[in-house]
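What follows is one structure encoded as structure tokens, with my remarks underneath.
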Amino acid sequence: MIRLGGYDETFRCYGWEDIEFSYRVTQDGLRFYYEPQAISYHNDQRQTLAAHGERLRSASRMAPQMFARHPELVAQIPMYLDKAPVAWGKDGLGIIVKKLSRQVFTARAF
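Just so you know, we're using my numbering here: the sequence shown kicks off at 44 and counts up by one.
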């Protein structure tokens with residue numbers, strides 16, 4: 044973890060920092076294994092619906108950063124295709140509309 048620099052702190056809010064780190068780990072040649080006997084504890088307080096919505100909004104704001112940093116992942120994870128930045132000249136009209144709509148609807152009000 045130290046050799047790879049740990050979590051990327053430029054992901055300023057919730058979302059994608061764990062996936063980005065995991066991707067760098069696998070690119071470095073390390074592998075993840077399933078251990079059916081393992082127990083994991085996640086310290087995540089109960090949330091209101093509004094707080095959960097804010098976490099999802101935060102994650103959607105971090106997605107473009109993830110795919111700008113690792114554009115090769117877009118082709119590997121088709122369900123995230125509309126979360127990458129617009130690739131002008133490459134994206135079709137439909138995907139451009141989806142990407143721009145996502146940016147508009149996840150932007151904070153002025």
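Note that CB positions come from ideal geometry on N, CA and C, so glycine has one too.
- Its chain contains Ser101, Ala102, Met105 as the residues whose beta carbon lies nearer than 6 Å to that of glycine 58, once the 5 sequence neighbours on both sides are disregarded; these appear in chain order.
- The C-alpha of valine 140 is placed about 14 Å away from the C-alpha of tyrosine 123.
- Per DSSP, the continuous alpha helix (DSSP H) segment holding methionine 109 begins and ends at 92-112.
- Apart from sequence neighbours up to five positions away, the residues of its chain that approach tyrosine 66 with a beta-carbon distance below 8 Å are His113, Leu116, ordered along the chain.
- A direct Cα-to-Cα measurement between alanine 93 and glutamine 146 gives close to 20 Å.
- Pairing phenylalanine 110 with proline 128 gives a Cβ-Cβ distance under 8 Å.
- By the neighbour-count definition (other C-beta atoms within 10 Å, threshold 16), lysine 133 is an exposed residue.
- In the three-state scheme derived from DSSP, where H, G and I count as helix and E and B as strand, glutamine 80 is classed as coil.
- Under the 10 Å beta carbon count, aspartate 61 is surrounded by fewer than 16 other beta carbons and is classified as exposed.
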